[in-house]
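This report concerns only the one structure given below.
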Amino acid sequence: MNEHAVHRVRQLLRSQRLEAVLFSNPATITWLTGYAPPIQAGPSPFEAGPALCWVTPASLQLLASNLESGAASASGAQVVEYVGYTIDEPLANAAHMTAGLAAMLGAPSGLRGRVGLEFDGLPAPLLTAFSAALPKAALVALDGAFDSDRAVKTPEELARIRAAVRLCDAAQAYARRHARAGQSEIELWGALKAELEVTLGTRLPVLVDLVGGKRTAEIGGLPGPYVLQPGDPLILDFVPRVDGYWGDNTDTHFVGERPPELAKIYSLVHAALRRGVDAVRPGVMASELDALLRAAIRQSGYEVYPHHSGHGLGASYHEEPRLVPYNTRSLEAGMVIAIEPGIYVPGVGGVRLEHVVVVTPDGCDVLTTHLRD
13 MNEHAVHRVR
23 QLLRSQRLEA
33 VLFSNPATIT
43 WLTGYAPPIQ
53 AGPSPFEAGP
63 ALCWVTPASL
73 QLLASNLESG
83 AASASGAQVV
93 EYVGYTIDEP
103 LANAAHMTAG
113 LAAMLGAPSG
123 LRGRVGLEFD
133 GLPAPLLTAF
143 SAALPKAALV
153 ALDGAFDSDR
163 AVKTPEELAR
173 IRAAVRLCDA
183 AQAYARRHAR
193 AGQSEIELWG
203 ALKAELEVTL
213 GTRLPVLVDL
223 VGGKRTAEIG
233 GLPGPYVLQP
243 GDPLILDFVP
253 RVDGYWGDNT
263 DTHFVGERPP
273 ELAKIYSLVH
283 AALRRGVDAV
293 RPGVMASELD
303 ALLRAAIRQS
313 GYEVYPHHSG
323 HGLGASYHEE
333 PRLVPYNTRS
343 LEAGMVIAIE
353 PGIYVPGVGG
363 VRLEHVVVVT
373 PDGCDVLTTH
383 LRD
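Positions in the sequence shown are counted from 1; adding 12 to them yields our numbering.
Next up, the structure:
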């Protein structure tokens, strides 16, 4: 349980005169409780949706299926279990989860005041059930209300992110050692993931871009049957979840010698990344850092990349602060940011490089080590 996060939620209850709040965003729930649902196989046929979290001034409850109630209980939260998997009757996940929600709320509830709700992660049937269970309450949207709180990490959260980032560095080291001509992208990926899972001793939820050759000009993509050739660039953007928190880094490797233009592009992107890292400090706006990185690429004479310049890391792999043109949020000590400029040339290839940094009172510390040499 993240006591700091629970304290911040209860502060919000008081300041906004809320009777309670229902959280539906899995990342918010991980931030609050430490419970991280399994994600390797996508949506479960034995659940109507992700766990929900109901917080009042005196209690914190998780609604979870019977397959997940044990892991949810390990968080220290009180768990309300509903039947997801069963052999005794047809699967009726939505009906069972709706009934569990009503039980958790004590429905029909006599609450007459304001009740907070994260709307975005709540399936429509559960939203209908939630509204019906609180007929006299006024619902208050709280989507994004804790973005700033989640962006500044506690020491415990930083420790989890550091562990995930170490795994990212190990992935890049493996790719650097083992990528070779005649090997397909999917062969390399299968061997890399197997190596890390054996080292960890468990399955690894991971998001990945792994593309080689001219496919690198397309920014990213899943590994496929393309067979690496001598001189090919290989972009590996590796994003694993370890103990509920995410790491991230990107490197562009080469199969043998770097072609001259791609060697030049690599140097330009590396210099832009270094400028971005050097500019990180409290008070700098996310949009200012984004503009600096885009200007560095524009000055090199190449077209500016079409994606974000970076993003926050934590219980989600993409959270505040987003390094994008619109975002005027200022950096604060304790924020963890992935910074990732790139150059992509159709018909030639692309290069993206990424560091993860934690903002400190006078600058930042670089957590990733894969580019330090």
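Glycine included, C-beta positions come from ideal geometry on N, C-alpha and C.
| Query | Result |
| --- | --- |
| Which of helix, strand or coil does DSSP assign to Asp132? | coil |
| Of the residues Ala119, Ala157, Arg227, which one's Cα is nearest the Cα of Lys148? | Ala119 |
| Closest to Ala57 by C-alpha separation, out of Ala83, Ala104, Asp249, Ala284, would be which residue? | A small fix is needed here, since residue 57 is Pro in this sequence, not Ala. The shortest Cα separation from Pro57 among Ala83, Ala104, Asp249, Ala284 belongs to Ala104. |
| Using beta-carbon positions only, say whether Val289 and Cys376 come within less than 8 Å of one another. | yes |
| How should His265 be labelled, buried or exposed, when 16 other C-beta atoms within 10 angstroms of its C-beta is the threshold for buried? | buried |
| Do you know whose CA, among Asp159, Cys65, Glu80, lies nearest Glu344's CA? | Asp159 |
| Name the residue from His367, Met347, Leu365, Ile351 whose alpha carbon lies nearest to the alpha carbon of Pro373. | Met347 |
| Sort Leu138, Val296, Lys205 by Cα distance to Met116 and report the nearest one. | Leu138 |
| Going by Cα to Cα distance, which pick from Arg22, Leu274, Thr40, Asp255 is closest to Ala32? | Arg22 |
| Suppose the cutoff is 7 Å on Cβ atoms and the five residues either side in sequence are ignored; what does the same chain contact list for Gly322 look like? | Leu335, Ile349, Ala350, Ile351, Glu352 |
| Compare the Cα-Cα distances from Leu151 to each of Val254, Thr42, Phe35 and report the closest residue. | Phe35 |
| Hey, could you find the ends of the beta strand (DSSP E) Glu332 is sitting in? | 331-335 |
| My output table needs one value for Ser312: the three-state DSSP class, helix, strand or coil. | coil |
| According to DSSP, simplified to helix, strand and coil, what is Val292? | coil |
| Leaving out the 5 sequence neighbours to the left and right, which residues in its chain are closer than 6 Å to Thr166 when beta-carbon positions are compared? | His16 |
| Between which two residues does the beta strand (DSSP E) containing Thr372 stretch? | 367-372 |
| Enumerate in chain order the residues of its own chain whose CB-to-CB distance from Val164 is below 7 Å, with the five nearest sequence positions on each side excluded. | Glu344, Gly346, Met347 |
| Please work out which residues of its chain come closer than 8 Å, Cβ to Cβ, to Arg287, disregarding the five sequence neighbours upstream and downstream, and give them in chain order. | Leu304, Leu305, Ala308 |
| How do the segment 192-201 and the segment 69-88 stand: do at least 3 beta-carbon pairs fall below 8 Å, yes or no? | no |
| Count Cβ pairs between the segment 325-334 and the segment 252-271 that sit closer than 8 Å; are there 3 or more? | yes |
| Identify, in the order they occur along the chain, each residue of the same chain with its Cβ nearer than 8 Å to the Cβ of Ala269, setting aside the five sequence neighbours on each side. | Reading off the sequence, residue 269 comes out as Glu, not Ala. Cβ within range, chain order: Pro242, Gly243. |
| So what's Thr110 in DSSP terms, helix, strand or just coil? | helix |
| Taking the alpha-carbon positions, what's the Pro333 to Arg341 distance? | 7 Å |
| If you scan the segment 54-123 from start to end, which runs of the beta strand (DSSP E) of 3 or more residues do you find wholly inside it? | 64-67, 72-77, 90-94 |
| Would you decide whether Met109 is buried or exposed? Buried here means 16 or more other CB atoms lie within 10 Å of its CB. | buried |
| So the candidates are Gly88, Glu93, Tyr47, Ser87; which of them puts its Cα closest to the Cα of Ala60? | Glu93 |
| Using the beta-carbon count (16 or more within 10 Å), is Tyr356 buried or exposed? | buried |
| Can you tell me whether Tyr97 is buried or exposed? The criterion is at least 16 other CB atoms within 10 Å of its CB, across all chains shown. | exposed |
| Could you have a look at Leu34 and say whether DSSP puts it in helix, strand or coil? | strand |
| So Glu130 packs on Asp155, CB below 8 Å; how close in whole Å? | 5 Å |
| In or out: Gln184 buried (at least 16 other Cβ within 10 Å) or exposed? | buried |
| So what does DSSP say about Asp255, is it helix, strand or coil? | coil |
| Could you name the residues that DSSP lists as bridge partners for Tyr356? | Gly362 |
| On the premise that Pro358 lies in contact with Ala229, defined as a C-beta separation below 8 Å, what is that separation, rounded to the nearest angstrom? | 5 Å |
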